[in-house]
Every structure is written in C-alpha cells, then in structure tokens.
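Student: Can you read through this structure? Questions will come right after.
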Amino acid sequence: MSPFWWLQNIRYFLYFLREFTGPVIAFYTIYFLIGWLFDPALTFVATKSFRLISWITLVFAIIHTLTWFLVTAKISPLPTKFQWIIFILLILFWVFISYISLAFYGWPSVTPI
Amino acid sequence: MQNIRLKIRRSQRESKNESSVQEFTVPFEEEMTVLDALNKIKDEQDGTLSYRWSCRMGICGSCGMMVNGRPVLTCQTYVKNFAHVTASSIASAATLLSSSPSSRPIAEITVEPLRHFPVIRDLVVDIDNPMEKFRKVMPWTLGTGQRPRSEFLSNKPRPAKRDTILTPHLQSPADREKIDQTSQCIKCMLCYSACPVYGLDKGFLGPAAGALAYRYQVDSREEETNKKTRMNRVTGKHDVWDCSFVGECSVVCPKRVDPALALQRLKLMGLKHILLS
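Keeping their order, the protein sequence lines are chains A and B.
Sequential numbering from 1 applies to the first sequence in the working numbering.
Sequential numbering from 1 applies to the second sequence in the working numbering.
Written out as structure tokens, the structure reads:
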C-alpha cells in the first residue's frame, strides 16, 4: 500500500487530518511542559513564536474536537437523521464549559461567577 | 458511432505481481454499465479476459472492481457517468488530438482488480481472507425454542424422529428493525477494498465481518451463550479494535449497510463484555 494512500480522496485526507491533530496537540503540550521546566515564570508564553504556535494548535484542537463530536454523534443510538441533535448538544456543552472556564479565570468580557 | 475506451489492468498469479494495462474500445450505448462493456469485450474482442459477475442487478456482490480508482459494483456503474474525455497520459492526449472528433472516445474508464486482495487473474481476486473472518464471527443464531438446549450442548446428533415440539421464535417489528440495515450486506468486498486499515493489516476483522457480527449480536433470537462466544471471537488482539473509524467503508457500500457504525457499536459491546466478564 502506498504511503500516500491518504491523498486518494477527500475523505481519506480528512481522516488523516483528524488523526494528525493528535500529534500536533501532543507536541504543543510537550513544548509547553519543557518550556515551563526551564522557565517556571512562564515568560516564554509572551513571545511571538509561542503565540503563533498556540494559534496554530488551537486550530488543530478545534478540528480535533469537531471531528470527534461528529464521530460521537454517529455512534449514538439515535436514528441517523437525528444524530445532528447530539452533535449540536455536544457543541453547546463545549461552549458552556469554555465559558465557565474563562469566567473562572476572570476573562475581562465575561462576568465572574 | 460513439465509443468508450476501457483500460483494464491484467495479470496472472503466476507472473508474480507483474501486471499490464490493456486498452479496449467498445461502442457506447446509453444504458451500458461497466459490466456490459466487459462482457462485450469478452464476447467480441478477447475471450481470455477474466472477471466475476452473476446477477447483473446489484444483489450478488460478485462484480466488485476498482473503476477509476473507486471500488464499485460494475453492474451498477453506468458508463455514461464517465462521459467526458480524460487524457491520463501524454500518449492518450496525442492519440486524442490526432484522431477525428467522431472517433474519439467519449469516456475513458480504468478498470482494476479490487484493492488489498491478491490477484488470481486479471480482475479476479482472492477473497479467502475476509471469508474466513465471516466464519469466525459465527453468522448464525442459536435461537431458543428451535432445539432443546441440553441436546445442543451435549453435541448429540439430532434424533431421526423428533418428539419435541419446536416453537417459533417470534420477532417484533422493532426487533427486526435492529438487524435490518446490517442484514443487507451482500459480501461484495468493496468495504475491504476501501479500508486503509485492512490494506495495512490483514489481521483486522474488517467492515463486513464486523457488520455481520453486530447483526447477529443484536438479533433478538440469539442465545446469550452464543453472544458471549461471538464477543470473545471478535475482541481479540486485533479484530474489532483496529478500526479507527475512517468511514470510507460506509461511503462505498452499495447497500448502505454502514459497517463503520456497526464496528463502533461492536466496540462498545466488546468493551462492556470485557468489563463484565
């Protein structure tokens, strides 16, 4: 089998992208932990390079989350035509948890709990 | 008269994986399928061309092949859907440019044997591997009421004259609906051809076998003992766990069985089985 089998059609490519988001997130985590090890004050997070890596990883994390929400909806016991309900509920739950997390850390535009 | 060009990959098992592409030109007909075109070639041009086919109506699963890189049933694939001239090589383009418009083929179709299977000859592949997996998942029910349990477990031969009244095992419409979708599988092997995991690891249970196992696991007529045995068989080292939900198997399935979904549900059942056993 060719090592470039994932380029044969768009669905293979999207699958490969979904799987590739895992290593990207893992790399970011390791990068952050090593940076924290050598810089406990976390001054490196203010650098432009780290912010760029963070934004790129955020994009991959969003792709990772959305694709796995789709998979979760697909394996739900609901009939296929109602699986979008699970997908929407998962996104709403994700938004809610994100809101709570940001509020907990005092995000300026969010009213603290 | 309009023509179509078929580029068919041909080989023999004895030639140790060497293959060549042979081109044939066939007169185009409006309702012609790729299988019709192959039959025309075999009847009128080259009787040695080897391929499987049977029902011609998408129910037997025999005629699965790669057509323009996609696994399809050739009896359900219409030539007119490819009716645009495709120049896949400089040589083809030169031929097209040098020929008169009326003689140019209106479609160029590449036909190859199903991917991920050893080739026996031309378009005929060896499907023994997935067939073994179908047998492995025990595609039968040990329905209650059909045979006394003690008689089955003792492995005694059936008595010549039965003195036990066999009661029918009734199934509600809701029970029937649970197995409807996965019961449609015609074992055409298109899903195995589409699955990159199977392409890399022939030990993987595979989409069709997974769907078959799921179909019998959720059958209301199935005995618990059979269910446990079947789960033990499909939750081995590779088996169902190798599925990473690519989903292409469900896309190519001509009967909309959705084997990807069946495999994920089988994984959940397998996890429950392992935790409770």
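Note that CB positions come from ideal geometry on N, CA and C, so glycine has one too.
Give me the chain B residues within the contact set of A/Ile-86, using Cβ-Cβ distance strictly less than 7 Å, ordered along the chain.
Tutor: As a working note, residue 86 of chain A is residue 86 in the first sequence. The premise fails here: A/Ile-86 is roughly 13 Å from chain B at the closest Cβ pair, so nothing lies under 7 Å.
Student: Taking just the CA atoms, how far does B/Pro-207 sit from A/Tyr-15?
Tutor: Your numbering for residue 15 of chain A matches position 15 in the first sequence. Your numbering for residue 207 of chain B matches position 207 in the second sequence. Their backbone Cα atoms lie some 16 Å apart in a straight line.
Student: Run the CB neighbour count on B/Asp-122, radius 10 Å, all protein chains shown included, and call it buried at 16 or more, exposed below.
Tutor: The residue given as residue 122 of chain B occupies position 122 in the second sequence. Classification for B/Asp-122: buried.
Student: Hey, would you say B/Gly-288 sits closer than 7 Å to B/Cys-188, going by beta carbons?
Tutor: There is no way to answer for residue 288 of chain B, as the model of chain B reaches only from 1 to 277.
Student: Could you give the distance in angstroms between the alpha-carbon of B/Ser-54 and the alpha-carbon of B/Cys-63?
Tutor: Here residue 54 of chain B refers to the residue found at position 54 when the second sequence is read from its first residue. Here residue 63 of chain B refers to the residue found at position 63 when the second sequence is read from its first residue. Cα to Cα, B/Ser-54 sits roughly 7 Å from B/Cys-63.
Student: Listed in chain order, which residues of the segment 70–86 of chain A have Cβ atoms closer than 7 Å to some Cβ of chain B?
Tutor: Within the segment 70–86 of chain A, the qualifying residues are Val-71, Lys-74 and Ile-75.
Student: Any idea what DSSP makes of B/Ser-193, helix, strand or coil?
Tutor: Position 193 of the second sequence, counting from 1, holds the residue named residue 193 of chain B. Helix.
Student: Starting from B/Phe-82, follow the beta strand (DSSP E) in both directions and report where the run begins and ends.
Tutor: Start at 1 with the first residue of the second sequence, and residue 82 of chain B comes out as number 82. Note, B/Phe-82: premise wrong, no beta strand (DSSP E); not H, not E.
Student: Comparing alpha-carbon positions, which option in B/Cys-253, B/Lys-255 and B/Phe-245 lies nearest B/Leu-266?
Tutor: Within the second sequence, numbered from 1, the residue matching residue 266 of chain B stands at position 266. Taking only the C-alpha atoms, the option nearest B/Leu-266 is B/Phe-245.
Student: List the endpoints of the continuous alpha helix (DSSP H) containing B/Lys-228.
Tutor: By one-based count along the second sequence, residue 228 of chain B stands at place 228. Its alpha helix (DSSP H) spans residues 224–234.
Student: Buried or exposed: B/Ser-89, going by 16 or more other Cβ atoms within 10 Å of its Cβ?
Tutor: Taking the second sequence and counting its residues from 1, the one referred to as residue 89 of chain B is at position 89. Low per-residue confidence applies at B/Ser-89: pLDDT is 46, beneath 50, and the placement is therefore not dependable, though the value from the model is reported in the following sentence. With fewer than 16 other Cβ atoms within 10 Å, it is exposed.
Student: Can you check which of these residues, B/Trp-140, B/Ala-260 and B/Pro-196, is closest to A/Ser-2 by C-alpha distance?
Tutor: In the first sequence, counting from the first residue as 1, residue 2 of chain A sits at position 2. The shortest C-alpha separation from A/Ser-2 is found at B/Pro-196.
Student: Using a Cβ cut-off of 7 Å, pull out every chain A residue sitting near B/Phe-245, in sequence order please.
Tutor: Position 245 of the second sequence, counted from the start, is the residue given in the question as residue 245 of chain B. Near B/Phe-245 (Cβ distances below 7 Å), the residues of chain A are Val-71.
Student: State buried or exposed for B/Ile-186, treating a residue as buried only when at least 16 other CB atoms are found within 10 Å of its CB.
Tutor: Here residue 186 of chain B is taken as the residue at index 186 of the second sequence, counted from 1. Label assigned to B/Ile-186: buried.
Student: With distance defined between alpha-carbon atoms, name the residue in B/Lys-178, B/Phe-24 and B/Trp-140 nearest to B/Glu-44.
Tutor: To locate residue 44 of chain B, count along the second sequence from 1; it is residue 44. Measuring from the Cα of B/Glu-44, the nearest candidate turns out to be B/Phe-24.
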